[in-house]
Structure formats: structure tokens, C-alpha cells
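Residue numbers (full-length UniProt numbering): 1 to 274. Have a look at the structure below, then the notes.
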């Protein structure tokens, strides 16, 4: 008995091993059904392996059953021959140019060739050129012929007219902005020295800022002075007076040239002690 092979998965041995033990927690069932589980796994694995190996043959068989796609139809396009040329409709040859007023003698252009290919034709002499003009061939002149000057074909490019740019540029589109000669600090000193508080505004305790617009010309003068938003009490008129009396500014520069620039600026009116 001891020398015989012991099958631990035999039902008799399992009953002996699990005698008096809990058989419901899983180990007993796993060992009891081990042969069935192993056989089922082998069969399923074999089927999957056979399907994978046979997959190319199955695909080839299925593709042979499906209808073939329609073959591309190639249509041969035959081009018609061009219509025959009607010699009667051909334009007439250009007229022969009139004879020049002065005799013309052929002047062959110089060509560098080997010595054995040198032509015997000699260029015209200086004496011949005094009486005739050089040309591509020898032509007898007609002293009674009129001198014809060929007109140019089309129009030659006309000289561009220099047009002065007097348009008003926007403040944000100018390369170099216009400014007062002393900068904003100098402009502040100018207003502090020349701006006078209107008596009516002082009596009525009117304060605030007047929004002004003007154009800085190419020479720096301020023109087209307007009040965009005023506060009344004579402050608007005083702001216009100060701008008209202002010295010339540095003009704005665009493409290296002075241009007219529109400018907007606030002018403050504030009583002392406020």
C-alpha cells in the first residue's frame, strides 16, 4: 500500500483529508473538480489556438465568397485633329519699309571665328561711311523720302508726380509723436505761467478739466482748435486762448517727413486750496 502511487485528488483521499473539516469554503470543491476544470481549460485553449491558426484561411475563404468590386472603367478619349489652316485668312505680310533718305551700306557685325572660316567680305571703309549710314544690308537711298520717326508702342512710364501729403494722421499711427519743445514738463510750465483762471469760474467755484482737440501742423503750429468737452464758466474759452498762443511744437514724423497729426489733450482748472 505504501509503495503504490497515491492520488491526492481521489474522492476517497479527499474525504479522508477533509474529514471533520469545513468543506464549504472552496478548497474541497476545487480539488474535487480539478480534473473537470483541467479538461475544460485544455479544450477551450485548443479551440482558441485552432481558430487563431486558421484565421488567414478563413479570411481568404470569406473574401473569395464576397462579390468582387467593379473594375475601373478606362475610357479612351480621342482628341479631334485641329481644323485645317485656311491660307486665305492668313494676315498679309508686312509692307516693305520705305527707303531711307540717305544711302545705307551693309556693315557686317564682327564675329570671332577660326581662321579657316574667315569670309572675304570686307567691312565698309571710312570714306563709304561718310556718304552712307551703316545697316544690316546695302540699300540705295531716296533723297525725296520723308523722315519718319516711329511712334513708341504703348505708353512709357510717366514720371511720378510728387504729391504733398496733407492728410491728418491719427495720433496712434505716427512713428514719432509731436510734442512741446520742452516735453510734457515744459508744457506744464507753460500752462502754469500763461493759463488764467476765469473770474466767473472762480466766483462759482467751477473746477474740472476741459478736453481739447487740435492739429499739430508740419511746421509745429497748432490749428483747428476745438473743445470736445467743456466745463463752462469761461474755462473753455481760456483753454482755446492758451492753445492759440502756444509756441510751435515739434511736428510728428512719418517715413522721415513731418506730417499733420490730430492731438487730444485735457487742460485742468483747479482752484488753489482744493
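Virtual Cβ for every residue (Gly too), placed ideally from N, Cα, C.
With a cutoff of 9 Å on beta-carbon distance, residue 226 and residue 213 are scored as near each other. Of the other Cβ atoms in all chains shown, fewer than 16 fall within 10 Å of the Cβ of residue 268; this residue is therefore exposed.
For residue 224, the enclosing beta strand (DSSP E) covers residues 222 to 229.
Between residue 245 and residue 194, the CB-CB gap stays under 9 Å. When the Cα atoms are used, residue 217 and residue 228 turn out to be separated by approximately 19 Å. The bridge partners DSSP lists for residue 257 are 254. By the C-beta criterion, the stretch 167 to 179 is judged to be in contact with the stretch 248 to 263, since at least 3 inter-stretch pairs fall below 8 Å.
Annotation: residue 206 is outside any beta strand (DSSP E) and is labelled neither H nor E by DSSP. Counting other Cβ atoms within 10 Å of its Cβ, residue 45 stays below 16 and is therefore classed as exposed. With a 10 Å radius around the Cβ and a threshold of 16 neighbouring Cβ atoms, residue 40 comes out exposed. Each residue's CA atom was taken as its position, placing residue 55 and residue 47 some 12 Å apart. C-alpha of residue 247 to C-alpha of residue 204: approximately 31 Å in a straight line.
Looking at the DSSP output, residue 262 shares a beta bridge with 215. In the same chain as residue 234, and ignoring 5 residues on each side of it, the C-beta atoms closer than 7 Å to its own belong to 198, 200, 201, in chain order. Ranked by Cα distance from residue 211, the options 264, 33, 98, 173 are led by 264. Secondary-structure assignment with DSSP links residue 267 through a beta bridge to 210.
The beta-carbon distance between residue 266 and residue 209, rounded to whole angstroms, is 4 Å. This is short enough to meet the 8 Å contact definition.
Counting the other CB atoms within 10 Å of its CB gives residue 261 a total of 16 or more, which places it among the buried residues. Membership of residue 190 in the alpha helix (DSSP H) is indicated by the continuous run 183 to 194. For residue 221, the CB contacts under 7 Å within the same chain, skipping 5 residues up- and downstream, are 248 in chain order. Rounded to whole angstroms, the separation of the alpha carbons of residue 140 and residue 98 is 11 Å. Just measuring C-alpha positions, the residue of 256, 224, 78 sitting nearest residue 165 is 256.
As DSSP reads the structure, residue 77 sits in no beta bridge. Sorting 173, 35, 242, 90 by C-alpha distance to the C-alpha of residue 187 places 242 at the top.
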